[in-house]
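For what it's worth, the working numbering labels the leading residue of the sequence shown as 4, then goes sequentially. Cβ coordinates follow ideal geometry from the N, Cα and C atoms, glycine included. Here the structure is laid out as structure tokens; the discussion comes afterwards.
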Amino acid sequence: MARSLTERAQAAVENLHVPVRLIDRVFTGFATLAAGWLAFLLIYQLATAGWTHLWAFVPFWLLVTYLILPRIHSLLSRIYLPDYFIGRTRTREGVLGDPVNLAILGDEDQIHAAMLRAGWHRADELNLFTGWKTVRATLGRRSYPEAPVSQLYLFGRRQAFTYQQEVEGNPAKRHHVRFWPTPDGWLLPGGRRVEWLAAGTFDRAVGLSLFTGQVTHRIDADTDVERDHIVDTLTAPEAGNTGIAVERLRHFSSGYHHRNGGGDRIRTDGDLPVIDVRALPEPSSEVRDQIDLDHEEAAYRRPVPLTVAFAVGLVMLRGLVGVLSFAWTVPDHGGGLLELPFVQTWLADGIPLDALVVTTRVLLVVYFVLFGILGVLVYRGHRWARTTALLLSTAGVLVWASLWWFGVERGATVISLFGTALEILAILALSSDTARVYVGSRPGEPERDTAGEVRG
């Protein structure tokens, strides 16, 4: 059976050679520093140009919210949060997420059968299509029972799968529960063996994260109510889960009040229900067909993940903006070129200004057209295109920074700031794990498991 995008991405991270991991981290670190520098430029632009550049507040907020603060959280969480099980999931940045409030004994298909009988829907993989479908359903208040959920991490892994129940046909309100397999030989604190852990919460609305300001789902604070709702639906007589057993580990953890990764308040009494589905009857043909269908839809069939779609869009948009604006970037009279010391030397040596302007414009057009072509090739899954786009974006940011240092771009235009922001964002997106695994899975190539052997 083909592995899902989540499984393949995790395998790519686990089997990544150290040099490749180091290179991607260097790119990510560079882009994070560049984002901070660009945020400074936006404030500098506002301070020196006055109220006519109030537009700078919008990109400044976006940079701080979606780039700088998440990176700060990621760095700090690696320093002060312990890297062992404490009954909490983590966000992508490493911030503590939803509480782990369920444990399961049984195999994956038994869990699928139990959840489907109880009226739950398996959530779709998050990609470009499902992400856009979720936005449309939320804005239009249309039902989307399989709407994807954000990624949370446990044991260093993203959730294996998620189930949800929509409320009143509104994707903004839903019950949902994420599942993770436990590592081989792993035991709960106290020595109890379980095969799966889960985190169930209730999305009550869409809002802004308290920690980053990003748009996200806001959860209900009483996570115990959601935990008990999941158990009640699984054990209800009408579900038909004959033979299911539930043991509640009282005070598995201390009861506490805290906040999750989005800044929402959470509270729990610390109990952990252990749900045993090993004695469940074989699923009916209808349930079996639904399980197989869900497996097929979750399989990696080269949908474009959101991160990759974002990266491709950024690269192509950068190329388009550059081609359309090169005449403003290098005007007929030379503009900022005349402020460069080596250009002044060339002009003094008798090289015509027109020749320098035309040559610079040609080089810029070639550069930006190449950007657009690389976007297409990344979409088609070429590894070298991703690497080349990373190098070109880095070079573009460094050149622009050098021009600013020499005073050429101190009065930066909206176009030049926008172009540099696109290149910084492209570096962050292209250096992600999702982009790496996407370009590492070409159409028609056989899958390889985590040991590197070809899968059938």
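Q: Can you give me the start and stop residues for the beta strand (DSSP E) that GLU169 sits inside?
A: Element bounds for GLU169: 164 to 170.
(Q) Give me, in chain order, the residues of the same chain whose beta-carbon lies closer than 6 Å to that of TRP403; leave out the 5 immediate sequence neighbours on both sides. (A) So the qualifying residues of the chain are THR423.
Q. Between which two residues does the alpha helix (DSSP H) harbouring GLU229 extend?
A. Unbroken alpha helix (DSSP H) run through GLU229: 226 to 238.
Q.
On the criterion of 16 or more Cβ atoms from any shown chain inside 10 Å, does THR348 qualify as buried, or is it exposed?
A. Classification of THR348: exposed, given that the 10 Å Cβ count is below 16.
Q) In whole angstroms, what separates the C-alpha of GLY122 from that of VAL180? A) Using only the alpha carbons, I get a separation of about 13 Å.
Q. Can you tell me the Cα-Cα spacing of VAL152 and THR141, whole angstroms?
A. Taking the straight line joining both Cα atoms gives about 13 Å.
Q) Do the CB positions of PRO102 and THR271 come within less than 7 Å of each other? A) Going by C-beta atoms, PRO102 is nearer than 7 Å to THR271.
(Q) Once DSSP output is grouped into helix, strand and coil, what is the label at ARG389? (A) It is helical.
Q | For HIS115 and ASP297, the rounded distance between their alpha carbons | A | Cα-Cα distance, rounded: 9 Å.
Q. How many Å lie between VAL249 and ALA163 at the Cα?
A. If you take the alpha carbons of VAL249 and ALA163, they lie about 22 Å apart.
**Q.** Inter-residue spacing [alpha-carbon to alpha-carbon] between GLU285 and PRO186
**A.** The straight-line gap from Cα to Cα measures roughly 26 Å.
Q) Helix, strand or coil for HIS179 per DSSP? A) Collapsing the DSSP output to three states places HIS179 in a strand.
(Q) So GLN168 and LEU283 are supposed to be a Cβ contact under 8 Å. How far apart are they, rounded? (A) In this structure GLN168 is not in contact with LEU283, their Cβ atoms being roughly 20 Å apart against a cut-off of 8 Å.
Q) Using the rule of at least 16 other Cβ atoms within 10 Å of the residue's Cβ for burial, across every protein chain shown, is TRP199 buried or exposed? A) Counting Cβ neighbours within 10 Å, TRP199 comes out buried, since at least 16 surround it.
**Q.** Those residues which DSSP pairs with GLU299 across a bridge
**A.** According to DSSP, residue pairing for GLU299 in a beta bridge does not occur.
Q: Return helix, strand or coil for ASP86, following the three-state DSSP convention.
A: Here DSSP, grouped into helix, strand and coil, assigns ASP86 to coil.
(Q) Give me, in chain order, the residues of the same chain whose beta-carbon lies closer than 7 Å to that of GLY375; leave out the 5 immediate sequence neighbours on both sides. (A) So the list reads MET319, GLY322 and LEU323, once near-sequence residues are dropped.
Q) What span of residues does the alpha helix (DSSP H) with ARG364 cover, start to end? A) ARG364 -> alpha helix (DSSP H) spans 356 to 382.
**Q.** Reference GLY39; option with closest CA among VAL277, THR332, PRO73 and TYR259
**A.** Among VAL277, THR332, PRO73 and TYR259, the Cα nearest to that of GLY39 is on PRO73.
Q) Which residues in the same chain have their Cβ closer than 7 Å to the Cβ of GLY90, if we skip the five residues on either side of it in sequence? A) Within the same chain, GLY90 has close Cβ partners PRO102, VAL103 and SER256.
Q. How far does the alpha helix (DSSP H) with VAL333 in it reach, from first residue to last?
A. Careful: VAL333 lies outside any alpha helix (DSSP H) and carries neither H nor E.
**Q.** For PHE205: DSSP bridge partner residues
**A.** Under DSSP, PHE205 takes part in a beta bridge, and its partners are HIS178.
(Q) What does the Cβ neighbour count give for ILE278, buried or exposed, with the cut at 16 atoms within 10 Å? (A) Buried is the call here.
Q: Would you kindly work out how many angstroms separate the C-alpha atoms of ALA351 and ASP357, rounded to a whole number?
A: CA-to-CA, the gap between ALA351 and ASP357 works out to about 14 Å.
Q. DSSP three-state call for ASP279: helix, strand or coil?
A. Strand, per DSSP.
Q | Whole-Å CB distance - ASP253 paired with ASP274, under 8 Å assumed | A | Here residue 253 is Arg; the residue named in the question, Asp, does not match the sequence. That belief holds up - the Cβ atoms of ARG253 and ASP274 are roughly 6 Å apart, short of 8 Å.
Q: Please report how far the alpha carbon of ASP110 lies from the alpha carbon of ASP127, in whole angstroms.
A: The straight-line gap from Cα to Cα measures roughly 20 Å.
Q) Is PRO73 near the ligand SAH, with its Cβ less than 6 Å from a heavy atom? A) No copy of the ligand SAH occurs in the structure displayed, which carries no ligand at all.
Q: Identify the continuous beta strand (DSSP E) that holds ARG270 and give its terminal residues.
A: Run containing ARG270: 268 to 271, per the beta strand (DSSP E) assignment.
Q: Have a look at PRO334, LEU406, ASP295 and VAL365 and flag the residue whose alpha-carbon is nearest the alpha-carbon of GLU342.
A: Ranking the options by Cα distance to GLU342, first place goes to LEU406.
Q) Given a threshold of 16 other Cβ atoms within 10 Å of its Cβ, counted over all protein chains shown, does VAL228 qualify as buried or as exposed? A) Counting Cβ neighbours within 10 Å, VAL228 comes out exposed, since fewer than 16 surround it.
Q | Opposing strand residues paired with LEU99 [DSSP bridges] | A | ARG93.
Q: Drop a sphere of 10 angstroms on the beta-carbon of ARG305, count the other beta-carbons inside from all chains shown, and report buried for 16 or more, exposed for fewer.
A: At ARG305, the pLDDT of 46 sits below 50, so the modelled position is not reliable and the matter cannot be decided from this model.
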